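Visitor:
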Amino acid sequence: MKRIFGSPRPNWQHEVEQIGFTYHTIDDELYWDESGWFEFSYEDIRVIEQATNVLHAMCIEAVEYVIEEDRLEDFGIPSQFHYWIRDSWEADQPTLFGRFDLAWDGNGPPKMLEYNADTPTSLFEAAVVQWHWLESLQAKGSAIATYDQFNSLHEQLIEAWKYLRQQGWERVHFAATDDHQEDFGNVTYMRDTASQAGIDTHYLNMSEIGYDQERKTFVDARQEPIEYLFKLYPWEWMLQESFARYLLSSKTVWLEPPWKMLLSNKTILPILWELFPDNKYLLEASFEPLAGEYVRKPILAREGSNIQIVTQEQHAQMATEGPYWNQPCVYQAYHRLYHCDAGYAVLGSWILGDRACGLGIREDIQAITHNTSRFLPHCIRR
0 MKRIFGSPRP
10 NWQHEVEQIG
20 FTYHTIDDEL
30 YWDESGWFEF
40 SYEDIRVIEQ
50 ATNVLHAMCI
60 EAVEYVIEED
70 RLEDFGIPSQ
80 FHYWIRDSWE
90 ADQPTLFGRF
100 DLAWDGNGPP
110 KMLEYNADTP
120 TSLFEAAVVQ
130 WHWLESLQAK
140 GSAIATYDQF
150 NSLHEQLIEA
160 WKYLRQQGWE
170 RVHFAATDDH
180 QEDFGNVTYM
190 RDTASQAGID
200 THYLNMSEIG
210 YDQERKTFVD
220 ARQEPIEYLF
230 KLYPWEWMLQ
240 ESFARYLLSS
250 KTVWLEPPWK
260 MLLSNKTILP
270 ILWELFPDNK
280 YLLEASFEPL
290 AGEYVRKPIL
300 AREGSNIQIV
310 TQEQHAQMAT
320 EGPYWNQPCV
330 YQAYHRLYHC
340 DAGYAVLGSW
350 ILGDRACGLG
360 IREDIQAITH
370 NTSRFLPHCI
380 RR
C-alpha cells in the first residue's frame, strides 16, 4: 500500500460531471482529488477483504447478543421502539450495504474505527467515479493501464436488487433530503441500480412522506402506499420526528432495516470488545476512559463531529466541534492512520450483504475525517 502523487486529467471536472458527479467540489474545497491515488497489491486487498468479512460477521453476532440480552437501553434508543427493533431482527428484514472505516498502513491487521451501517455515503464515488477514472487513464495509455481495482460494487448492487425483486420488492421508493447534494447524488445512483434490476422506482423528499392511518402505511405525495423504502436519512433522526410513532404500526419495509441502527451507533464498539476481546481487527473500546491514548466518540456523532483524541498525558491532542457534545460517549484506543506528506487516510471498505466488494479512501490534513475530507481513487498493481 502506498500513496502515489500524480496529476489530474486535463478538464477532469468535465469528465466527472459527464457521468453525473456534480459535487466534486464542496464549499469551494476540492472533494474529489485525482492529483494522487493509492496503490495496493492483490495481497493487500485480500487482507482488507478478509478483515471486512470477519468484522461484518462479528457485528451480526453482536446484534444477536444485544437483542437476546436486552441491551437496547445502552444505545440511547427510546424504549417504545425496542420491540419494533427486535421484531425487525427476528423477521430477518434484509440489509443491503454498509461501509467499515478502517485504519491501516499496510502493516499488521486493519483496525475497525466504526461501521457506517445505516446511511453510508461516498457510494457513487467508490462504485462509479473512481472506476471511470481508471478506465479513462487506461484508454489514454497511462502507466497504470494494466492496473485493476477492488470494485464490484455496481454489479453487486444490481444483483442484490434483482434478489429483492424476486422476494416481492417490485416497486421501491427512494428518499433523501433534496438540499444535501451528496445524499441526493448517492440516492439517485442507488435508484439507478434498482431500475437496472427491473424494479419500478420513485423518488421523494423525506418531507413529502405522509402516513395513512386507515391503511397503516406511509404514503408518497400522490397518496400511493410506500411498501418498500430506501432512505438515506439516519434512524436516530427519524425517531425524533413527529411521525415516529407511526413507525410502530406501519406496514412499510425499510432499507436499511431498524435493527441496523444498532450497528451505526458507536455503542456497538465496546460491545464488540466485550464479545471478542483482543480480536486482531478490533481496537479496545469502553464506556469509560482508557489508559494511554484514546479517542472519545459521542455514540451518535456524524461526519467527525465532537471527536476528541487524548494523548498519554491526558490532554486533548485534537478535537472537533459539532452538535453532539452532550451525548453519551464511548472511548476507543487510538490507532494511527496511514500518514504521508499529503495527510492522513482512512480506508472505507464496502460490504454488500455479507461480502466485501469495494474500497474508497478519504484523506485529510487532520487525523479526524470529516464530511469534506478528500476522496482519492485507488488501483491494484497486477
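Sequential numbering of the sequence shown, starting at 0, is according to numbering that gives the first Met the number 0. Heads up, the beta-carbon is just placed ideally off N, CA and C, and yes, glycines get one too. Remember, it's a predicted structure, so these values are computed and weren't measured experimentally.
Looking only at C-alpha atoms, which of Phe242, Arg295 and Ala300 sits nearest to Val309?
Guide: The residue with the shortest Cα to Cα distance from Val309 is Arg295.
Visitor: Taking Gln180 as the reference, give the member of Leu163, Asn150 and Asn204 with the closest Cα.
Guide: Ranking Leu163, Asn150 and Asn204 by Cα distance to Gln180 puts Asn204 first.
Visitor: So, helix, strand or coil for Thr216, using DSSP?
Guide: In the structure shown, Thr216 sits in a strand (DSSP, three-state: E or B).
Visitor: State the start and end residues of the unbroken alpha helix (DSSP H) segment that holds Ala175.
Guide: Premise fails: Ala175 lies in the beta strand (DSSP E), Arg170 to Ala175, not in any alpha helix (DSSP H).
Visitor: Where Gln166 and Arg85 are concerned, what is the direct C-alpha to C-alpha distance, given to the nearest angstrom?
Guide: Computed Cα separation, rounded: 22 Å.
Visitor: In the DSSP assignment, find the beta strand (DSSP E) that holds Thr200 and state where it starts and stops.
Guide: From DSSP, the beta strand (DSSP E) with Thr200 extends over Asp199 to Asn204.
Visitor: When you compare only the Cα positions, how much space is there between Ala90 and Trp258?
Guide: So the alpha carbons of these two residues sit roughly 10 Å apart.
Visitor: Please name the residue, chosen from Trp36, Pro119 and Ala50, that lies closest to Glu42 on a Cα-to-Cα basis.
Guide: Among Trp36, Pro119 and Ala50, the Cα nearest to that of Glu42 belongs to Ala50.
Visitor: By how many angstroms is the C-alpha of Met57 removed from the C-alpha of Leu268?
Guide: Straight-line Cα distance between these residues: approximately 11 Å.
Visitor: One question on the structure: do Leu254 and Ala102 come within less than 8 Å of each other, judged by their Cβ atoms?
Guide: Contact: no.
Visitor: For Thr120, count the other beta carbons within 10 Å of its own beta carbon; 16 or more makes it buried, fewer makes it exposed. Which is it?
Guide: Buried is the call here.
Visitor: Would the beta-carbon of Ala116 fall within 8 Å of that of Leu274?
Guide: No.
Visitor: Please report the residue range of the alpha helix (DSSP H) in which Phe74 lies.
Guide: That residue, Phe74, is in no alpha helix (DSSP H); it is neither H nor E in DSSP.
Visitor: What would DSSP say about Arg380, mapped onto helix, strand or coil?
Guide: Reduced to three states, the DSSP call for Arg380 is coil.
Visitor: How about Thr192 and Trp160: do their beta carbons lie closer than 8 Å?
Guide: Taking 8 Å as the Cβ cut-off, Thr192 and Trp160 qualify as a contacting pair.
Visitor: Compute the Euclidean distance between the alpha carbons of Tyr162 and Ile47, then round it to the nearest angstrom.
Guide: Going from the Cα of Tyr162 to the Cα of Ile47 covers about 26 Å.
Visitor: Helix or strand or just coil, what does DSSP make of Thr94?
Guide: Note: Thr94 maps to coil in three-state DSSP.
Visitor: Distance, Cα to Cα, Leu246 vs Gln12?
Guide: Roughly 42 Å separates the two Cα atoms.
Visitor: Could you check whether Glu67 and Lys265 sit closer than 8 Å to each other, using their CB atoms as the reference points?
Guide: Contact flag unset, no.
Visitor: By how many angstroms is the C-alpha of Asp147 removed from the C-alpha of Ala138?
Guide: Each residue's alpha carbon lies about 13 Å from the other.
Visitor: How big is the Cα-Cα spacing for Thr145 and Thr368?
Guide: Cα to Cα, the separation comes out at about 31 Å.
Visitor: Take the Cβ of Tyr30 as the centre, count every other Cβ of all protein chains shown within 10 Å, and call the residue buried at 16 or more, exposed below.
Guide: When all chains shown are included, Tyr30 counts as buried.
Visitor: Taking its Cβ as the centre, do 16 or more other Cβ atoms sit within 10 Å of His338, making it buried, or is it exposed?
Guide: Exposed, because fewer than 16 other Cβ atoms sit within 10 Å of the Cβ of His338.
Visitor: Starting from Tyr188, trace the beta strand (DSSP E) both ways and give me its first and last residue.
Guide: First-last for Tyr188: Gln180 to Gln195, but that is the alpha helix (DSSP H), not the beta strand (DSSP E).
Visitor: Would you check if the distance between the CB atom of Asp199 and the CB atom of Arg170 is smaller than 8 Å?
Guide: Cβ atoms of Asp199 and Arg170: closer than 8 Å.
Visitor: For Phe374, does the three-state DSSP call read helix, strand or coil?
Guide: Correct three-state label for Phe374: strand.
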